[in-house]
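Let me begin by presenting the structure, written as structure tokens, before commenting on it.
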Amino acid sequence: MNSFDHHFLPVGSVGKLSAGWWGVLALIVTEGALFGYLLFVYFYLAAQTDEHWPPEGLPSLIVPTINTVILLVSSAFVWASERCIRLRQIRWSIGIMTLAIIFGICFVMIQLMEWGNKIYGLTSNLYGSLYFTITGFHLCHVIVGIVVLMLLLIWLSLGYFDDKRHAAVTIGGVYWHFVDAVWLFVFTTLYLSPYL
Amino acid sequence: MAISNMTHNPGDERLERVPDFGRAPSGSDEEMRLANIWRSEPGWRGWLSTVDHKTIGLRYLVTAFVFLLIGGIEALIIRAQLALPDQTLLAPEQYNQLFTMHGITMIFLYALPILSGFSNYLWPLLLGSRDMAFPRLNALSYWIFLFAGIFMYMSFPLGLAPNAGWFNYVPISGPIYNTGPNIDVFALGMVLLGISTTAGSVNFVVTLFRMRAPGMTINKVPILVWGTLAASVANLVTIPAVSLAFFLLWMDRQLGTQFFDVANGGKPLLWQHLFWIFGHPWVYAIVLPAMGIVSDALPTFCRRPLVGYAAVALATMATMLIGFVVWMHHMFATGLPTVSLSLFGAASMAISIPSAVAVFAWIATIWVGRPVFKTPFLFFAGFVILFVIGGLSGVMVAAISLNWQLNETYFVVAHLHYVLLGINVFPVIGGIYYWFPKFTGRMMNEKLGKWNFWVMFIGFNMGFFPMHIAGLLGMPRRIYTYSSRMGWDSVNLITSIGSFILAIGILIFLINVIISLKRGEKANSNPWDAATLEWSMSSPPPPYNFAVIPAVASRHPLWEDRLEEGIRRSNLAEGYLLMKGHETLGTSPIDAKPLVIFKMPGDSYTPFFVGLFVSLLFLGLLLHWWSFTGLMAVASCITLIIWMWPQKTLKQRTESGTTYPFQGDSK
Ligand code: HEM
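If you read the sequences in order, they're chains A and B.
Counting along the first sequence from 1, when you hit position 93 you're at 294 in the working numbering, and nothing is skipped either side.
Counting along the second sequence from 1, when you hit position 537 you're at 722 in the working numbering, and nothing is skipped either side.
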């Protein structure tokens, strides 16, 4: 009857065969859409405003650019950490994951500092509403991402994962990459597009 | 995708194995073992913790139906008020709240959830799987739906219900003109409900692509599956728009942001963009699965397969795609002012072509088949008629010139009820008649069923057809009363009488359900002699659905011998046994080849508690209890962490022998 009757099949939650992997991709689609709409709101309102835009003049690029690099480096670490699991280097994986988390936390600290330096707030004008809402949404995602990475670190340290079973790292990792990729769009919109 | 093969070290049974193949007829040892593995605990524990998609599906159906009744009662009060001119049963503000809550209830709390109920119950049964891809997420999505419904009704008893219409335009819903909590309840409730809908959609999409029985290639899935897929994809892409819109509105109202605030450069039209980006596809989302119900069930009563399966499947997907293009076209081609054109105008124009395909397919199926006039058939045939009428009035409002004339009149109300009741309520009731024996093991009463249909059909047409005329006579929608001099008296009286007749029809349905639950004739596994997989197991189905994972060779596994198309035959008696714990088969997305043995999670309390804490978090936001909100956020996180903690039974963790000495497989 079937040609595939007697094959070995992997059991359980295996990397990209796992339901969780597909689930996180679907989550990324819908969250990606969410950020798409957020940026749409920004451009829609920016295109029609009569105000000086951004009201406080062009944003300074130095700190945000450094922060962008920090976030990207952290993404690279997460990638490397997963690689290490596959290569059965759990200790390395743990170390690199720790670094990724530290970089993530740095991003949050610097972003909060950046917030503190603004002379406008969430409610002072339309631009402020947009700026703080968009970066706020993103910052929430970063914080969730950091919590996820911390959990992965704990699980790694408990010896839960090896080269055969580590779907959680693949799934959590891709979420982190997504959060970082979104930042590139947010950065381009809020910091680079006013220069155009 | 990499499939492990025999060259691997075959020693570790726990990580990969050749699934046992065989039979498990009912009463055999294997079957008993399966039943034991999959059953839920009895009593309240099982009730709170179950993740059985069949239970969840029924809960969705019952809850959504209760919302239909609530919305219906609101409509009847509205109709009582409008039956005669110059009535004072309702004050204007009460009227506003009633029609708003009626719209909200029907559109958000009834129309999609009831279809999710069908899909939840049927999805794995149609696809030949033992479970949904994410059973716990499924339970979560139900609990949040329930809590969101309660949330949106919270301020109703206080006389502070949402009152700006279901599409809630700013500035009337903004902080200046609407100062009470009315709109905040709606706004936060919608964000909450959005979480539920999104979780449900993820589940449908992943289950469809990963959990079909081997051999059920993508071109063999039932149309209901296509409909729900289209709806789910649309939801994933568009729900964020409406959730964001409502969240920004809430921030404008409570935190003082300025997104919609004209005085500070905000734009009210932004609301309409975000709302209708979601709104266009949503209307399809609440009709496509219902059309799927008809496409799958109607053929059973015509004693032949659906005519034009491929065309209908494609039309379903095309409708959804056009749904997005319509909105884009609104945005770019016609410029801003026309964006505020009625939703139903453009939607009808776009939907008409693929819909026509479906209509012709149904008519052809009836035409060339040998119809059996059972109650479900009546509902499905009635649906086709209403669909055509609703479609015609839709094309009428879609013409811009007429639109200007008819927009915001009762013509629109008539049209939208023909579409929504015709395409949603009639198939839903027909669907319940059809699957009731599967749900409960008993048939519904035919005689009451026929009464049910005719009373509903007559009441419906009497209640809503005259609304077209009221609209042409210029009666605006959303007015709480009218003067006798306008000449709208008789149409309104007829409309109101019709509404109450329709309500009697629904009452007959309820009575039929109650009587049949107790005394209905017992149903065998396939009482209608239907063709699809859900009719291959006992009624109601056992907790594990399929004793063996079947191999499917056609679209009509139970009619193959009769139809004699092709030489391959589905095999339902013999298949993969998979009984080392909660197991089912994972297959490849398009051609459904076995890829992996999934370990499914068992019952769990975490979904209930995550749902509860998240809902309380929204309550905290509503009442400005900020520290309570923070506490609930932490509580949700902790519960989620418990939920996600990698488990050995799910094979999410390593099995390596050194750190973890051999531990027997789960039960
Ligand atoms: C018992 C059956 C029903 C009756 C008698 C009824 C009656 C009405 C009436 C009279 C209005 C107009 C209120 C006004 O504009 O002043 C209305 C509005 C509406 N109805 Fe129904 N209805 C029924 C069922 C449904 C169902 C099943 C749905 C959806 C699935 C639905 C969706 C709506 C919507 C979306 C509106 C617009 C609300 C608004 O203007 O914001 N109705 N209904």
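Glycine included, every Cβ here is placed at the ideal spot set by N, Cα and C.
Check: Burial state of L770 of chain B (16 or more Cβ within 10 Å); Outcome: buried
Check: Alpha-carbon to alpha-carbon, L353 of chain A and G373 of chain A; Outcome: 8 angstroms
Check: Near-chain A residues of the stretch 263 to 292 of chain B (beta-carbon distance less than 8 angstroms), N- to C-terminal order; Outcome: none
Check: Minimum C-alpha distance to D776 of chain B - residue among B:G257, B:T402 and B:L254; Outcome: B:T402
Check: Proximal residues, the stretch 448 to 459 of chain B versus chain A, C-beta separation under 9 angstroms; Outcome: N449, G450, G451, K452, L454, L455, H458 and L459
Check: Cβ contact check for the stretch 713 to 721 of chain B and the stretch 638 to 647 of chain B: 3 or more pairs under 8 angstroms; Outcome: no
Check: Through-space distance from L605 of chain B to F596 of chain B, alpha-carbon basis; Outcome: 14 angstroms
Check: Q590 of chain B at chain A interface by Cβ criterion, 8 angstroms; Outcome: no
Check: Residue-chain proximity (Q443 of chain B, chain A), Cβ-Cβ < 8 angstroms; Outcome: yes
Check: Backbone CA spacing between R284 of chain A and W377 of chain A [nearest angstrom]; Outcome: 15 angstroms
Check: Any 3 or more C-beta pairs closer than 8 angstroms across the stretch 308 to 317 of chain A and the stretch 194 to 211 of chain B; Outcome: no
Check: Beta-carbon proximity list for L300 of chain A, same chain, < 7 angstroms, skipping 5 on both sides; Outcome: F278
Check: Chain B within 8 angstroms of E315 of chain A, Cβ atoms only; Outcome: no
Check: Buried or exposed (CB count within 10 angstroms, at least 16 for buried), L391 of chain A; Outcome: buried
Check: Neighbouring residues, chain A, relative to G771 of chain B (Cβ below 8 angstroms); Outcome: L218 and A220
Check: Which of helix, strand or coil DSSP assigns to K703 of chain B; Outcome: helix
Check: Three-state secondary structure (DSSP) of F558 of chain B; Outcome: coil
Check: Residues from the stretch 356 to 379 of chain A in contact with chain B, defined by Cβ distance under 7 angstroms; Outcome: W356, G360, Y361, F362, D363, K365, R366, A368 and A369
Check: Straight-line gap, G365 of chain B to E278 of chain B (C-alpha atoms, nearest Å); Outcome: 13 angstroms
Check: Inter-stretch contact (C-beta, 8 angstroms, three-pair minimum) for the stretch 276 to 295 of chain B and the stretch 695 to 714 of chain B; Outcome: no
Check: Range covered by the alpha helix (DSSP H) that runs through E768 of chain B; Outcome: From DSSP, E768 of chain B is part of no alpha helix (DSSP H) but of the beta strand (DSSP E) over E768 to T772.
Check: CB contact check: P831 of chain B to chain A, cutoff 8 angstroms; Outcome: yes
Check: The stretch 631 to 643 of chain B / the stretch 661 to 678 of chain B touching (three or more Cβ pairs under 8 angstroms); Outcome: no
Check: The stretch 279 to 288 of chain B contacting the stretch 650 to 658 of chain B, beta-carbon criterion three pairs below 8 angstroms; Outcome: no
Check: Bridge partners - A736 of chain B, DSSP secondary structure assignment; Outcome: B:N756
Check: Beta carbon proximity, L502 of chain B to chain A, threshold 8 angstroms; Outcome: One detail in the question is off: residue 502 of chain B reads as Met in this sequence, not Leu. With 8 angstroms as the cut-off, M502 of chain B does not count as an interface residue toward chain A.
Check: With 16 other Cβ atoms within 10 Å as the buried cut-off, status of I320 of chain A; Outcome: exposed
Check: Cβ of V410 of chain B within 8 angstroms of any chain A Cβ; Outcome: no
Check: Between the CA atoms of S723 of chain B and A384 of chain B - distance to the nearest angstrom; Outcome: 30 angstroms
Check: Interface flag, Q439 of chain B vs chain A, CB-CB below 8 angstroms; Outcome: no
Check: Partner residues on chain A for K405 of chain B, Cβ-Cβ distance less than 7 angstroms; Outcome: Result: empty, since nearest Cβ-Cβ is about 15 angstroms, beyond 7 angstroms.
Check: Whole-angstrom distance between V799 of chain B and M829 of chain B, CA atom to CA atom; Outcome: 16 angstroms
Check: Top-ranked residue by Cα proximity to E745 of chain B, from B:I262, B:R488 and B:W308; Outcome: B:R488
Check: Assigned secondary structure, G520 of chain B (DSSP; H/G/I helix, E/B strand, else coil); Outcome: Reliability of the predicted coordinates at G520 of chain B is poor, the pLDDT of 46 falling under 50, and the value obtained from them is presented with this limitation in mind. Coil.
Check: Test item: CB-CB of I286 of chain A and H367 of chain A under 8 angstroms; Outcome: yes
Check: Near the ligand HEM: N609 of chain B beta-carbon under 7 angstroms from a heavy atom; Outcome: yes
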